[in-house]
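Undergrad:
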Amino acid sequence: MPPCRHGPDRLPRHAPVPPRPACGPIPAGRNGRPARPTVGRCVVATRGALRRIQLGNALSAFGSGFTVPFLFVYVTRVRDLSAGQAGLMFSVLAVAALCVLPMVGPAIDRRGPRPVLALGATVAALGSLTLGLARTGMFVMLGAALLGAGIAAIQPALATMIVRLTTAPTRARAFALQFTFNNLGLGIGGLIGGLIVDEHRPASFTLLFAIETAMFLVLGAVCGTVRLPAVPATPVGTTPGSGFRHLLRNRAMVRLCLVSAVIFFTCYGQFESGLTAFATEVSRISPRMLGVALAANTAVIVLGQLTVLRITQRRRRSTVIAATGVVWLLAWIVTAVSGLVHDNSVAAASTIVITFALLGVGESLLAPTLGPMVADLAPAHLLGQYNAAQSLVKQLAMAAGPAFAGVMVGAGLYAPYLAVLMACSILITVLALRMRHSLNPTQNGTVVAESTLTRQPATPQALTA
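Numbering (UniProt numbering), first residue to last: 1 to 465.
(1) Is it right to say Glu272 is buried, meaning 16 or more other beta carbons lie within 10 angstroms of its own, or is it exposed?
(2) Would you say the stretch 288-296 touches the stretch 349-359, given that touching needs at least three Cβ pairs under 8 Å?
(3) How many angstroms separate the CA atom of Arg135 from the CA atom of Thr76?
(4) Under 6 Å Cβ to Cβ from Leu116, same chain only, skipping five residues before and after it: list those, please.
(5) Evaluate the contact criterion for the stretch 52-70 versus the stretch 204-217: three or more CB pairs, one atom per stretch, below 8 Å.
(6) Where does Asp80 fall in DSSP's three states?
(7) With a 10 Å radius around its C-beta and 16 neighbouring C-beta atoms as the bar for buried, classify Met138 as buried or exposed.
(8) For Gly56, which residues of its own chain have a beta-carbon under 7 Å away from its beta-carbon, when the five flanking residues on both sides are left out?
(9) Can the beta-carbon of Val334 be found less than 8 Å from the beta-carbon of Ile354?
(10) Out of Ala144, Arg52 and Gln54, which has the shortest C-alpha to C-alpha gap to Thr67?
(11) Kindly indicate which residue of Thr446, Tyr386 and Leu427 has the alpha-carbon position closest to the one of Met103.
(12) For Val409, which residues of its own chain have a beta-carbon under 6 Å away from its beta-carbon, when the five flanking residues on both sides are left out?
(13) Decide if residue 469 is buried, meaning its Cβ has at least 16 other Cβ atoms within 10 Å, or exposed.
(14) Does DSSP put Leu439 in a helix, in a strand, or in coil?
(15) Is the beta carbon of Arg434 closer than 8 Å to that of Met373?
(16) Please report the residue range of the alpha helix (DSSP H) in which Ile211 lies.
(17) Can you tell me which of the three DSSP states Ile26 falls into?
(18) Under 8 Å between the Cβ atoms of Cys257 and Gln155?
(19) Starting from the C-beta of Ala118, find all residues in its chain whose C-beta is less than 7 Å away, skip the five residues before and the five after it, and write them out in chain order.
(20) I'd like to know whether the C-beta atoms of Gly190 and Pro402 end up nearer to each other than 8 Å.
(21) Using DSSP with H/G/I as helix, E/B as strand and the rest coil, what is Ile285?
(22) Cα-Cα, which of Arg52, Tyr74 and Pro368 is closest to residue 482?
(23) Could you work out which residue in Ser128, Cys267 and Gln305 is closest to Asn183 when comparing CA atoms only?
(24) Within 10 angstroms of the Cβ of His381, are there 16 or more other Cβ atoms? Answer buried if so, exposed if not.
(25) Given Ala252, which residues of its chain have a CB within under 8 Å of its CB, disregarding the five upstream and five downstream residues?
(26) Give the range of the alpha helix (DSSP H) segment to which Asn182 is assigned.
(27) For the alpha helix (DSSP H) containing Gly339, name the first residue and the last one.
(28) Does Thr307 pass the burial test, meaning 16 or more other C-beta atoms within 10 Å, or should it be called exposed?
(29) In terms of alpha-carbon separation, which member of Arg110, Phe216 and Gln178 lies closest to Gly148?
(30) Ignoring anything shorter than 3 residues, give me the beta strand (DSSP E) runs that lie fully in the stretch 88-118, in order along the chain.
(31) With respect to the alpha helix (DSSP H) encompassing Pro156, which residues constitute its N-terminal and C-terminal limits?
(32) Drop a sphere of 10 angstroms on the beta-carbon of Gly127, count the other beta-carbons inside from all chains shown, and report buried for 16 or more, exposed for fewer.
(33) If contacts are defined as beta-carbon pairs under 8 Å, then His177 and Gln54 qualify, I think. What distance do you get, rounded to the angstrom?
(34) Using only the alpha-carbon positions, how far apart do Ser425 and Ala203 sit?
(35) So, helix, strand or coil for Glu363, using DSSP?
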């Protein structure tokens, strides 16, 4: 069996895919002794690379946990900007991501995910450092733009690397662990950051951003140097814009993007906007209890993710997504109940905690589902663009969610606000059940089939430097 060679990050364009070597007798090594099987070593190397990616992701989330909960306070109370300027900063974050994502997918498919991730981590680190040192509104906006652009490049690159380092049977677990470590890192980082931060000491905020900057650089160093399997060559006749056209012709992927948009709008787009406002203004719970509710959400994800994974492994992915809509419908009903019992502080606080926990259950159902489904829908040479399209949908929905919440909450329309979210939860279930007719058994998770992409991690020639 030939030795494991470390070549370029991807195969030359239009080059044929090298055949998988046939199994045969192990060649003799030094002194006539049998050589160690290189395929086994390559599999171990692939698992080690995946562990490095998970570690880098967790450390990056840990760094972000130091700053994300305190961005609004930092901008308004430490840098003395208005609430409107703070809102503009969050808009700049989202717009920068939206501008970058259409270029990220083709870059991943042409150059590979490693250089894209390394560049994204560097840009995000520069953005975080700029925010920490900013003294004027202009530099705050510049830092937000750099941070948004960097994170937009990191997310699809990480998803592509996880897909290329896993096989079909192990992919759901890998995405579930990524989501778990991400939430664990954010939670621990936020807890420690809360102990450090002091709005009367600007240097404490600078320290938080410095930690986040360092963690982005660690992510780039740890994940930007892993060895990845090669992918099949780009088919002849493929042009830079053909990936987007291919995606639009993929009926199942279009439906997945549609249901994903409703998912991110209904839950993730409400966490730090409408739901928080309802909990404090209508249910009248204290900020401390709101922190307990957020901790309950994180605890459900961290402690229950592997259990949820075992339950969902042999279920149709479309059914799992539909179940998420049902769980979230129950969560928004419980939220409405909390507003009705606001005179009883214990009951109101308890129902809000249950709401955040139920939202966490739904998130746990989605973590091992959406990522692997995108991987099974995407051709190997367009995986980066499919992941970038999913990230683009997420950014759009998470920008629309807070905007919608701001309008409804600002007008005091809390009952219609919850009614819309309940309707969106039902829509998730309906769209998921309709989507199953566009999926084959492999894409729907009922049959595990190894593609060329998923088999290559065990092939010696497939590992790259």
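Heads up, the beta-carbon is just placed ideally off N, CA and C, and yes, glycines get one too.
TA: A quick look at the data gives this:
(1) buried
(2) yes
(3) 12 Å
(4) This sequence places Val at residue 116; Leu is not what is there. Here the set comprises Ala107, Ile108, Ala153 and Ala157.
(5) yes
(6) coil
(7) exposed
(8) Val218, Leu219, Val222 and Cys223
(9) yes
(10) Ala144
(11) Tyr386
(12) Gly274 and Ala277
(13) For the chain, the structure presents residues 1 to 465; residue 469 sits outside this window and is missing.
(14) coil
(15) no
(16) Pro202 to Cys223
(17) Confidence is the limiting factor: at Ile26 the pLDDT is only 42, short of 50, which leaves the residue's position unreliable, though a coordinate-based value still follows. In the structure shown, Ile26 sits in coil (DSSP, three-state: anything other than H, G, I, E or B).
(18) no
(19) Gly220 and Gly224
(20) no
(21) coil
(22) This structure cannot settle anything about residue 482, because the visible part of the chain is limited to 1 through 465.
(23) Gln305
(24) buried
(25) Leu377, Met435, Ser438, Leu439 and Gln443
(26) Ala168 to Ile196
(27) Arg317 to Leu340
(28) exposed
(29) Phe216
(30) none
(31) Gly137 to Arg164
(32) buried
(33) Per the sequence shown, residue 177 should be read as Leu rather than His. Going by Cβ atoms, the distance from Leu177 to Gln54 rounds to 6 Å, so yes, they are a contact pair.
(34) 43 Å
(35) helix
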